[in-house]
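One structure is given here, and the rest of the page talks about it.
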Amino acid sequence: MSSKDFATSTLTSCFNNNKKKSILPPQPNFAYKKGRSLGSRLSPSLFTDSKPARLTHWLDTKGCYSCGVSYIRSLKYFIGSNNSIRYKINFYANCGTKLVIYLITCICELQYIGKTSRPVRKHISEHLNCL
2 MSSKDFATST LTSCFNNNKK KSILPPQPNF AYKKGRSLGS RLSPSLFTDS KPARLTHWLD
62 TKGCYSCGVS YIRSLKYFIG SNNSIRYKIN FYANCGTKLV IYLITCICEL QYIGKTSRPV
122 RKHISEHLNC L
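In terms of our numbering, the sequence shown is residues 2 to 132.
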């Protein structure tokens, strides 16, 4: 049964009922909406009508934060030992942060730069074990 046939048969039965006939306009308008498919339920569209909620963070300033470990200092920026340039840290980081380029400054003032997909604490532990 087509949607037009369904609408016609439903309207005919509605207009035959006196209570419904007084409520309905003589020429009702129809709006069609595509039903939700399995695909739309499993992978909803990235485009939504509503504005995304602003992400909030319990930390008020971006930077590196100590996670209770004595050898990590909370910093908003770091200074390169070769060129004395001040570099701002533009994200929230701690010893559990993954997928970063990190800088370890040793007590002897040597700096070690690396890239990791593992938590930074693993590289700090490896560095301390080598000393």
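Here a beta-carbon is modelled for each residue, glycine too, at the ideal position from N, C-alpha and C.
Given that a residue counts as buried once 16 or more other Cβ atoms are within 10 Å of its Cβ, and exposed if not, what is residue i?
i    : result
C96  : buried
C107 : exposed
C65  : buried
Between the beta-carbon of residue i and the beta-carbon of residue j, is there less than 8 Å?
i    : j    : result
I114 : L129 : no
Y93  : K63  : yes
I73  : S82  : no
Can you tell me which of the three DSSP states residue i falls into?
i    : result
T98  : coil
T106 : strand
T117 : strand
L134 : The chain is shown only over 2 to 132; residue 134 falls outside these bounds and no answer can be derived.
L111 : coil
Practice task
Could you tell me whether the stretch 115 to 126 touches the stretch 85 to 100, using the rule of 3 or more Cβ pairs below 8 Å?
Solution key: Flag = yes, the stretch 115 to 126 and the stretch 85 to 100 touch.
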